[in-house]
Amino acid sequence: MYTRIFITVSLVAHWRSVLAVPTWPAPTDELEDMMFLNTGYRSRGLANLVTPCSKGLNTSRVTAAEWLRTAFHDSISGNIYTGAGGLDGSIAWELDSLENEGNFADDSVAAWAPFVSDLTSLSDVIAAATYVLTRSCSNISVAVRGGRVDATEAGPSGFVPQPQNAVSIFRNQFARLGLDDQGMVQFIACGHSIGGVHGGDHPEITDSALANFDTTPAVLDNQIAVEYVSGTTNDPLVVGKSTTNTRNSDFRVFSQADKNATIRSLAADPQLFANACKSLFQTMIDQVPAGTQLSDPIAPYEVKPYALQLTLLDGGSRIRFTGDVRIRTTQGTISQVQLVYTDRNGAVAQTPISTSVKGTATGFDDSFSFFGFSTDLLVDTSISSFRVSVTYSDSTQATYDNNGSGFQVVDTVIYQAPQSCLDSSGKLTVVAAVRNQTVPHLQVLIKVPQAEPNPVPSISMSTVPMAAQSAVGPYQLYSADLAFPNSLANPPVFGVFAGSVSDSRKSVSGLPTSCNTLAPARQSSQIKTSSSATTQSSISSSSSAIVSTTATLSSSSITSSDIVSASSGTSTQSLHATGSSTSSSTTLSPSPTPSANVSFQGCYYDAVNPRALSAESTSSSDMTVEECAAACTQYHYFGLEYARECYCGNTLDSASTQQPATDCNMPCSGTSTQLCGGPSRLSLYTNLLYSQPSNPQIPGYDYKGCYSEGTTTRALLGASFSEADMTVQTCASLCQGTAYFGLEYGRECYCAPTLQSSSSPSPNNLHHALRRKPNSVLRRA
């Protein structure tokens, strides 16, 4: 879409160190999850699509490079002089353009489409994708701001640089972005640091399935400049077939823009290269249509609530409060988390709400722990907000109050999941409790497919009136029915709205097929509050039939990380109305050994960093012991945790010690007859068929051990290769006698005449799941 743009000012180099602590909730909360929750509990999985950086849809593709190219093609329409174009998601309407020849843009947009919602535009997802790909491929970290608005049509053609263009045309195209000759050379070098050219898409440039720009196609580094300056480059836009038909655009731009001055400076200084790429990628994602109000740069919350839910209980005298809170644990582990809450009348409760561990998650730079809670409160006083009190493992304490405003809880409109249901015909009944005179309505969000080839659905909103039921306690119940066809790909996302308040972003996941009745009060009850005050409550009501309004939906729905499921688990159950706490747990028999090929070892402690088993991990809503065993056949150990997580490894971390068997008490998500660990607890098994791999003898080489990658560059800066069936012998053959060669991630091979000084020996039991940059096995002639 051809719209006006502006360029935001450059950020300081260490942007995260100067950011203000965010206040919850924020419109960018979904983006925050995408950026910082890579693996583990409530992770979004965006970064997993480009981690490691060499990952691709097949062996001749590098997804990170394709994402970067697609982001550039979307943003290049920006013009600082006319205020037009910029990063606006118009690439989704341009997939059949000759400027986007090949599958790179189609597959990139298709990968991003599931992350688009009413809260997160495609263009915002592209910005987040730029962050995760640069972090996966380097130490570069760009700041991401939210608030972009997507285009509704294709932008103008002719803006994307073509390899046959004259340098003067390149100048004009990059000048529209505000870049001079130096910036143009830097941008091309940065963009061509990863990936390469596909011969199937560009036979006029190369005959290879993938001709890499440099020998480190899965590392965003200055190797493209080093090899160009040294005369050893195989960049297909510098040498080879492209020189015969004027497609050698990298050579022409590097040499003619400023007689190779900029490219030489990039070759001489890896940090200069990294700083230039950081600044240019920042410029690329911050160019947006004029009038767009971008948020502050997104930083991880220290404390962030999830799925907060109130539920009116039978009799109407009590209300249940459930949810999770996420605590950032990068600087230290946690021993206790409590919620100190304020009631509806402004009084601070004397008894805090206790929590228990629900799961952990990690990102590129941070780790997080999630704590769940469930407590019953008096309906007369309820809750209005809470603060989070954290006790760390070193006994230090901190209280988080959401920048002074507290974490707000609204109790005037409540979605009643227990009274809602989804029957076999596809009819959804939604029930809500309202504590004022405002009549609520149901708001439904659905995803409407776009015309091909655009895979990004539009978001459609429908509003359905709700009809009154009976009164229960101080609340009036309302209901509405939604009928949607069986062909609906995904269930709708909905919320209940009454005036300026709402209880929104709900999912039908876990709803029963028949609705339960909320019972009215039958007799007086005396309940002791958490502040030791005594309240007499007498509530009576006559039941009445549900009166509902029916609406019909015909499109698939949106999804969101904050959607509350009707079956959300709770781990700590307390009755705060009485000042006491009760808890319950389910005890199952030990899981049967699935076959004679594995052996159960017991219940073991699992920390966030390092993991007990750190080689590979996966998660599934249908996890079983058998499924985890099958995923870890190449490893000595495997273990199951938090009902749905599976971990593999050849060694058990020294911090992982055996715990009481009763600590592993969570049923597997795929079967209730098996146990799959617990919070920070791993049901550990050994693979009896495991045969420990050895380092074969390679003539002319000695095994040097397991080494870390360099701090700002690769340990080995020569050629690199990636193959699905990589072996030590294959890597040695590919490196053709270089002084060093090394292997990473099970499939990557690196060669070099020297080992970089910043690379150092690491324990042999470290694996790529534990370290952002994996360790290399090195040999020297």
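Numbered per our numbering, the sequence shown spans residues 288 to 1068.
Glycine is no exception: its CB is placed at the ideal position from the N, C-alpha and C atoms.
Length of the line joining the Cα atoms of residue 458 and residue 588 = For the purposes of this step, residue 458 is identified with residue 171 of the sequence shown, where counting begins at 1. For the purposes of this step, residue 588 is identified with residue 301 of the sequence shown, where counting begins at 1. Their backbone Cα atoms lie some 41 Å apart in a straight line.
Whole alpha helix (DSSP H) runs in the segment 887 to 958 with 4 or more residues, listed along the chain?
-> If you keep only unbroken alpha helix (DSSP H) runs of at least 4 residues inside the segment 887 to 958, you get 912 to 918.
Assuming residue 673 and residue 659 form a contact by the criterion Cβ under 8 Å, report the distance between their Cβ atoms to the nearest whole angstrom.
-> Counting from one through the sequence shown, the residue named residue 673 turns up at place 386. Counting from one through the sequence shown, the residue named residue 659 turns up at place 372. Residue 673 to residue 659, Cβ: 14 Å. No contact.
One or two residues paired with residue 1036 in a DSSP bridge = Looking up residue 1036 in the sequence shown gives position 749. Per DSSP, 1008, 1030.
Given 8 Å as the limit, is there contact between the segment 475 to 486 and the segment 962 to 980, that is, 3 or more CB pairs closer than that?
-> Segments in contact, no.
Can you name the start and end residues of the alpha helix (DSSP H) that residue 712 belongs to?
-> One-based indexing of the sequence shown puts residue 712 at position 425. DSSP places residue 712 in no alpha helix (DSSP H); its state is neither H nor E.
Please state whether DSSP places residue 1048 in a helix, a strand or coil.
-> In the sequence shown, residue 1048 corresponds to position 761, counting from 1. Residue 1048: strand per DSSP, three-state reduction.
Should residue 855 go down as buried or exposed, given a rule of 16 or more other Cβ atoms within 10 Å for buried?
-> Counting from one through the sequence shown, the residue named residue 855 turns up at place 568. Low per-residue confidence applies at residue 855: pLDDT is 37, beneath 50, and the placement is therefore not dependable, though the value from the model is reported in the following sentence. If you draw a 10 Å sphere on the C-beta of residue 855, you find 16 or more other C-beta atoms in it, and that means buried.
Between which two residues does the alpha helix (DSSP H) harbouring residue 340 extend?
-> Numbered from 1 along the sequence shown, position 53 holds the residue referred to as residue 340. From DSSP, residue 340 is part of no alpha helix (DSSP H); its letter is neither H nor E.
Take the Cβ of residue 1047 as the centre, count every other Cβ of all protein chains shown within 10 Å, and call the residue buried at 16 or more, exposed below.
-> What you label residue 1047 is simply residue 760 of the sequence shown in a count that begins at 1. Flag for residue 1047 reads exposed.
Where are the beta strand (DSSP E) runs, 3 residues long or more, that stay fully inside the segment 501 to 564, in chain order?
-> Within the segment 501 to 564, no complete beta strand (DSSP E) segment of 3 residues or longer occurs.
Thinking C-alpha only, which one of 883, 696, 654 is nearest residue 328?
-> Within the sequence shown, the letter at position 41 stands for residue 328. Answer by Cα proximity: 654.
Can you list, in chain order, the residues of its chain whose CB lies under 6 Å from that of residue 572, leaving out five sequence neighbours each side?
-> What you label residue 572 is simply residue 285 of the sequence shown in a count that begins at 1. If you ignore the 5 residues before and after residue 572, its C-beta comes within less than 6 Å of the C-beta of 374, 414, 417, all in its own chain and listed in chain order.
Verify whether the separation of the beta carbon atoms of residue 730 and residue 749 is less than 9 Å.
-> Along the sequence shown, one-based indexing puts residue 730 at 443. Along the sequence shown, one-based indexing puts residue 749 at 462. Note that the C-beta distance between residue 730 and residue 749 is below 9 Å.
Whose C-alpha, out of 435, 368, 401, 335, is nearest the C-alpha of residue 377?
-> By 1-based counting over the sequence shown, the position of residue 377 is 90. Residue 435 is the option with its Cα nearest to residue 377.
Taking C-alpha atoms, which residue in 670, 668, 669, 687 lies nearest to residue 677?
-> In the sequence shown, the residue the question calls residue 677 occupies position 390. Distance from the Cα of residue 677 is smallest, within the candidate group 670, 668, 669, 687, for 687.
Compare the C-alpha of residue 502 against each of 319, 1044, 1042, 1036 and name the closest.
-> Locating residue 502 in the sequence shown gives position 215, counting from the first residue. Residue 1036 is the option with its Cα nearest to residue 502.
For residue 802, which of helix, strand or coil comes out of DSSP?
-> Indexing the sequence shown from 1 puts residue 802 at position 515. Judged by DSSP in its simplified three-state form, residue 802 adopts coil rather than helix or strand.
Beta-carbon separation of residue 907 and residue 967 under 9 Å?
-> Locating residue 907 in the sequence shown gives position 620, where the first residue counts as 1. Locating residue 967 in the sequence shown gives position 680, where the first residue counts as 1. No, the pair does not count as a contact, with Cβ atoms beyond the cut-off.
Ranges of the beta strand (DSSP E) found wholly within the segment 676 to 737, counting only runs of at least 3 = With a minimum length of 3 residues, the continuous beta strand (DSSP E) runs that stay inside the segment 676 to 737 are 684 to 687, 700 to 702, 714 to 721, 728 to 735.
Contacting residues, own chain, Cβ-Cβ under 7 Å from residue 893 (five flanking each side not counted) | Against the sequence shown, residue 893 aligns to sequence position 606. If the five residues before and after residue 893 are omitted, its C-beta is found closer than 7 Å to the C-beta atoms of 899, 928, 943, 967, 968, 969, all from its own chain and listed in chain order.
Residue of 558, 515, 561 minimising C-alpha distance to residue 546 = Within the sequence shown, residue 546 is the residue found at index 259, counting from 1. Looking from the CA of residue 546, the closest CA among 558, 515, 561 belongs to 515.
Give a yes or no on contact between the segment 630 to 646 and the segment 347 to 365, applying the rule of three or more CB pairs nearer than 8 Å.
-> The segment 630 to 646 vs the segment 347 to 365: no contact.
Which value, in whole angstroms, describes the spacing of the CA atoms of residue 1049 and residue 650?
-> Here residue 1049 refers to the residue found at position 762 of the sequence shown. Here residue 650 refers to the residue found at position 363 of the sequence shown. Distance between the alpha carbons of residue 1049 and residue 650 is about 22 Å.
Since residue 972 sits in a beta bridge, which residues does DSSP pair it with?
-> Taking the first residue of the sequence shown as 1, we reach residue 972 at position 685. Answer is 887, 925, bridged to residue 972.
For residue 432, the nearest candidate out of 580, 726, 544 (CA to CA) | Within the sequence shown, residue 432 is the residue found at index 145, counting from 1. Comparing Cα positions, the closest option is 580.
Taking the C-alpha atoms as reference points, what is the distance between residue 1038 and residue 520?
-> Position 751 of the sequence shown holds residue 1038. Position 233 of the sequence shown holds residue 520. Using only the alpha carbons, I get a separation of about 15 Å.
For residue 368, is the classification buried or exposed, using 16 other Cβ atoms within 10 angstroms of its Cβ as the cut-off for buried?
-> As a working note, residue 368 is residue 81 in the sequence shown. Residue environment analysis places residue 368 among the exposed positions, since fewer than 16 neighbouring C-beta atoms fall within 10 angstroms of its C-beta.
Which of helix, strand or coil DSSP assigns to residue 762 | Taking the first residue of the sequence shown as 1, we reach residue 762 at position 475. In the structure shown, residue 762 sits in a strand (DSSP, three-state: E or B).
Assuming residue 1014 and residue 582 form a contact by the criterion Cβ under 8 Å, report the distance between their Cβ atoms to the nearest whole angstrom.
-> Stepping through the sequence shown from its first residue, residue 1014 is reached at position 727. Stepping through the sequence shown from its first residue, residue 582 is reached at position 295. For a cut-off of 8 Å, the C-beta gap from residue 1014 to residue 582 is around 48 Å, too long to register as a contact.
Give the DSSP-derived three-state secondary structure of residue 963 in the structure shown.
-> Reading the sequence shown from its first residue, position 676 is the one you call residue 963. DSSP places residue 963 in coil when its eight states are reduced to three.
For residue 665, count neighbouring Cβ atoms within 10 angstroms of its own Cβ and tell me buried if that reaches 16, exposed if not.
-> Working through the sequence shown from its first residue, we reach residue 665 at position 378. Residue 665 counts as buried, since at least 16 other C-beta atoms from the protein chains shown sit within 10 angstroms of its C-beta.
Since residue 538 and residue 553 are thought to touch, with beta carbons under 8 Å apart, how far apart are those beta carbons, to the nearest angstrom?
-> As a working note, residue 538 is residue 251 in the sequence shown. As a working note, residue 553 is residue 266 in the sequence shown. Contact between residue 538 and residue 553 is absent: CB atoms are separated by about 15 Å, not below the 8 Å threshold.
Can you give me the Cβ contacts of residue 703 inside the same chain, cut-off strictly under 8 Å, excluding the 5 residues immediately before and after it?
-> As a working note, residue 703 is residue 416 in the sequence shown. The beta carbon of residue 703 sits closer than 8 Å to the beta carbons of 598, 599, 718, 719, 720, 764, 805 from its chain, once the five residues preceding and following it are set aside; these are given in chain order.
Should residue 472 and residue 526 be called a contact, given that it needs their Cβ atoms to be closer than 9 Å?
-> As a working note, residue 472 is residue 185 in the sequence shown. As a working note, residue 526 is residue 239 in the sequence shown. No, Cβ-Cβ distance for residue 472 and residue 526 is not below 9 Å.
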